[in-house]
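There are 2 protein chains.
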Amino acid sequence: MILPERVVLEDQSLRDGLQREQRILSVEEKVEMVRRLLQAGIRRIQVTAFVNPAKVPQMADAEELCARLEPFSSCAEISALVLNKKGLERALRAGCRKVEISVSASETHSVRNTGMRLGEALKELEDMIREAKREGLAVRAGVQCAFGCRMEGMVPPSRVMEIVSRELDLGADEIALADTTGMADPLAIFEISRSVIELAGNSGSPPIFLHLHDTEGKGLANVLAALQAGVTGFDATVGGLGGCPFVPGAAGNIPMEELILMLNQMRIETGVDLGKVMDLGRYLSSLLGKELSSRLYRLNCVEK
Amino acid sequence: MILPERVVLEDQSLRDGLQREQRILSVEEKVEMVRRLLQAGIRRIQVTAFVNPAKVPQMADAEELCARLEPFSSCAEISALVLNKKGLERALRAGCRKVEISVSASETHSVRNTGMRLGEALKELEDMIREAKREGLAVRAGVQCAFGCRMEGMVPPSRVMEIVSRELDLGADEIALADTTGMADPLAIFEISRSVIELAGNSGSPPIFLHLHDTEGKGLANVLAALQAGVTGFDATVGGLGGCPFVPGAAGNIPMEELILMLNQMRIETGVDLGKVMDLGRYLSSLLGKELSSRLYRLNCVEK
């Protein structure tokens, strides 16, 4: 079994993790989360999204948060998600240094989420990446629903390749393939990841990240398949935060602590301190006033 | 990624799943569970354990249950777990046709669970397998803690090989390697499984089963590693039943429905109907008066 020697982890607790939570954290609490993530050894953090504050009140403080986090940019890659040109303008005015800009590989998902068919959405993406690069930002270019969506099922891998190819041509600094609805299986992950790595030139630059959800319990199996395909970057959230609040106990993103434990046991370096991430789970749980869904969190942190 | 074309699943909901549940099912309810498992296409079911009824009241009806299930033996492999000679005598008198007999690869675990050091426990195992075979029973020979235990950590793989080698010499009909405490990682699973398959002669006969727990979230990642090592038999429980009742939401065995979904998606045949297993989860949940821990069960079956 051929595995990489080390991988890079990106925390998305504050963005994907919080965006459906009822309890809205204060800027102060979010800054404290970032401090603790850095202390645990995490060097990439997606902290917010520049989206409609009426629709996503959890991210309404995006400008203030980015301003407060500016000093941390010297020791970590702090990024924000933007979904359209307006979001990008806000991120630029807020002084962000790195943005994630993405498009969905599912036509149905794209139309429902953005009102744009794939062709239009790709054109918008190109304009946004060009502008971000012109302004000197680092760009994480994403593909949502890269492994299918609940409405269309599997999307053709050729469509994913076409999107990634355009993103690379536009000078994306990294690629993020997202299993947005948590339906990917290890075989699809392996095959698509390998093709994307080949397309990117096998050089590890620009790096390929996977953004996985544990909705159906396949999260870490998909990580294992991706590692074998040569993927060396993964997003995760503390405690597996990010599940739908309307399904009790439903899984969200892959849990950072479970990911680190598995990698540690397989002797793959992450540079992250598992004990400190477990502590962070307790802290986040106290902020949100609820238990987190990660199995490892529950094993260690829930009152027996 | 080299994967088998089909795998065999063994249900352990009634044994490992129920043995720590507060609600004790009636014989009638257990028989109905077996009927429904058979209707779903499952052809191997471990239904009970011949253990001390004062300590494990959930299994106190072992004799009656085995008598009631005798008619099903023509269309399925129905087995019972025995832990010592007394249990084996009871299983023989009850007319069982297949028993699981096992020993722990962890000295500490063996002493705590049975009062016997490894040498003694192995001698006892040999006597039991010989007697079971003499009486015409099929024998599933197991290795508990094959991937380590919480007290000793990793156990030497050579010790696992030594135990399996003896079990094969004694004519075991199949081998079951158990990750009793759910601490195995994919690399250990891959390496030990591959060695055991080589030892057994690569012929698929006797078959090698893995018995995995999802305690730390690595259950399906471990399945993926085992499939790549050539393992084609897996134990599971409906809804992931089997967690410790003192840890809210703690994971138990790997969930049958998540396992089937992943295998279906990877185009590996199981002969089991996923929809019927999902229905079984709802039924089991109603019997036990609680929600099950499987992520897929929660996604589909928990009231939104």
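Protein chains in written order, with full-length UniProt numbering: chain U, 1 to 304; chain Z, 1 to 304. For glycine and all other residues, C-beta sits at the position ideal for the given N, C-alpha and C.
Where Phe-190(U) is concerned, the enclosing alpha helix (DSSP H) starts and stops at 186 to 200. Here Leu-37(Z) has Asp-11 and Ile-45 as same chain residues with Cβ atoms under 6 Å from its own Cβ, once five neighbours each way along the sequence are excluded. Following the DSSP letters along the chain, one finds Arg-130(U) inside the alpha helix (DSSP H) bounded by residues 118 to 134. Within chain U, the residues whose beta carbon sits less than 8 Å from that of Pro-186(Z) are Met-1, Leu-224, Met-262 and Met-266, listed in sequence order.
Listed by position along chain Z, the residues whose Cβ is nearer than 7 Å to that of Ala-251(U) are Arg-295. At the C-beta level, Glu-167(Z) and Ala-138(Z) stay beyond 7 Å of one another. Any Cβ of chain U closer than 7 Å to the Cβ of Phe-50(Z) would place that residue at the interface, and such an atom is absent.
Residues of the region 200 to 214 of chain Z whose Cβ lies closer than 9 Å to any Cβ of chain U, in chain order: Asp-214.
Rounded to whole angstroms, Val-143(Z) and Met-161(Z) show a C-alpha spacing of 10 Å.
Residue state for Thr-108(Z) is assigned as helix, using DSSP reduced to three classes.
Three or more Cβ pairs closer than 8 Å define a contact, and the region 177 to 185 of chain U meets that threshold against the region 145 to 158 of chain U. At a Cβ-Cβ threshold of 7 Å, Arg-159(U) and Ala-121(U) do not count as neighbours.
Put simply, the backbone Cα of Glu-21(Z) is about 53 Å away from that of Arg-97(U). Listed by position along chain Z, the residues whose Cβ is nearer than 8 Å to that of Gly-233(U) form an empty set, because the closest Cβ is around 18 Å away.
Assignment of beta-bridge partners to Pro-255(Z) by DSSP yields Thr-237(Z).
Separation of Asp-279(U) and Arg-298(U) (C-alpha to C-alpha, rounded to the nearest whole angstrom) is 12 Å. Against chain U, the beta carbon of Glu-131(Z) has no neighbour under 7 Å; the closest one sits roughly 39 Å away. For Gly-239(Z), not one C-beta of chain U is nearer than 7 Å to its own C-beta.
For Val-56(U), the closest C-alpha among the options Ile-24(U), Ala-172(U) and Pro-206(U) is that of Ile-24(U).
Per DSSP, the unbroken beta strand (DSSP E) holding Glu-174(Z) starts and ends at 174 to 178. Separation of Ile-78(Z) and Gly-115(Z) (C-alpha to C-alpha, rounded to the nearest whole angstrom) is 29 Å. Residue-level contact by beta carbon holds for Glu-216(Z) and chain U, with a gap shorter than 7 Å. Secondary structure note for Asp-11(Z): its beta strand (DSSP E) is the uninterrupted segment 8 to 11. Using beta-carbon distances, Glu-258(Z) counts as an interface residue toward chain U, with a partner under 7 Å. Secondary structure of Ser-165(U) (DSSP, three-state): helix. Leaving aside the five residues that flank Gly-289(Z) on each side, the residues in its chain whose CB is nearer than 7 Å to its CB run, in chain order, Arg-23. Excluding sequence positions up to five before and after Leu-296(Z), its CB lies within less than 7 Å of the CB of Pro-255, Glu-257, Glu-258 and Leu-261, all in the same chain and listed in chain order.
For Leu-220(U), the closest Cβ of chain Z is nearer than 7 Å. DSSP places Gly-142(U) in the uninterrupted beta strand (DSSP E) bounded by 138 to 144. Distance from Ala-221(Z) to Leu-220(U) at the Cβ level is roughly 4 Å; contact confirmed, criterion being Cβ atoms closer than 8 Å. Rounded to the nearest whole angstrom, the CA to CA distance from Glu-135(Z) to Pro-186(U) is 44 Å. Between Leu-83(Z) and Arg-15(Z), the gap from beta carbon to beta carbon reaches 7 Å or more. Rounded to whole angstroms, Val-31(U) and Met-59(U) show a C-alpha spacing of 13 Å. Rounded to the nearest angstrom, the Cβ distance from Ala-251(U) to Gly-240(U) is 6 Å, consistent with a contact under 8 Å. Boundaries of the beta strand (DSSP E) harbouring Ala-49(Z): 44 to 50, taken from the DSSP string.
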